[in-house]
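Taking it in order: structure first as structure tokens, then the write-up.
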Amino acid sequence: MRLFIAIDLSDEMKDELEKSTCVLKTRGRGRFPLRENYHLTLVFLGKTNRVNDIKKAMDMLETTPFDLKLSSCGRFQREGGDVVWAGIEKNPILENLVYTLTDNLRNMGFSVENRPYKAHITLAREMEQVEFPSIKPLSMTCHTITLMESLHIGRELKYLTVYDKNL
149 MRLFIAIDLS
159 DEMKDELEKS
169 TCVLKTRGRG
179 RFPLRENYHL
189 TLVFLGKTNR
199 VNDIKKAMDM
209 LETTPFDLKL
219 SSCGRFQREG
229 GDVVWAGIEK
239 NPILENLVYT
249 LTDNLRNMGF
259 SVENRPYKAH
269 ITLAREMEQV
279 EFPSIKPLSM
289 TCHTITLMES
299 LHIGRELKYL
309 TVYDKNL
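If you want it as structure tokens, here you go:
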């Protein structure tokens, strides 16, 4: 199983992100996610079958619901094309959640990325340099974090919910 822990976004936020992706499509070539696949990754785990341990690490969290707010677009420069993303406004509760979750997983023997967390939602991959679209600074309240499995079904990438942890 290829797994990651994420926040599923509100329909309103997905609608706004889809508008931005449509603008990007008119400005250059790239690979663009389906609307239903927009999410905010908290921790990428990769290939593992240790679902019960991941659930335990998630259940150890004592975070209450918190707000997320979209901010401006940015890019991660990559050979072969950039990743263009929508940012999330700096949020100490989110950062603490990611830190605690990562720490819980490491203590259980998981190998987790060691780079600083940058809250973002991917809008395009393998994208040439283009002018970024504007994004409405929408907010949503996060009540749940989700363990998701990434699957290729035919030619499409699908994300399936494995487990939800209510905050």
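Residue numbers (the numbering used here): 149 to 315. Quick reminder that beta carbons are idealized off the backbone N, C-alpha and C, glycines included.
For methionine 288, the closest C-alpha among the options Asp215, Ser298, Leu315, Arg179 is that of Asp215. The continuous beta strand (DSSP E) containing isoleucine 153 extends over residues 150 to 156.
Within 10 angstroms of the beta-carbon of phenylalanine 192 lie fewer than 16 other beta-carbons, which makes it exposed.
Counted as a single uninterrupted DSSP element, the stretch harbouring valine 232 is not any alpha helix (DSSP H) but the beta strand (DSSP E) occupying residues 230 to 236. The beta carbons of methionine 161 and leucine 286 sit closer together than 8 Å. No Cβ-Cβ contact shorter than 8 Å links leucine 249 with leucine 188.
Going by DSSP, tyrosine 311 is part of the beta strand (DSSP E) stretching over 304 to 314. Arginine 226: not part of any alpha helix (DSSP H); DSSP gives it neither H nor E. Pairing asparagine 197 with valine 310, the inter-Cα distance amounts to about 11 Å.
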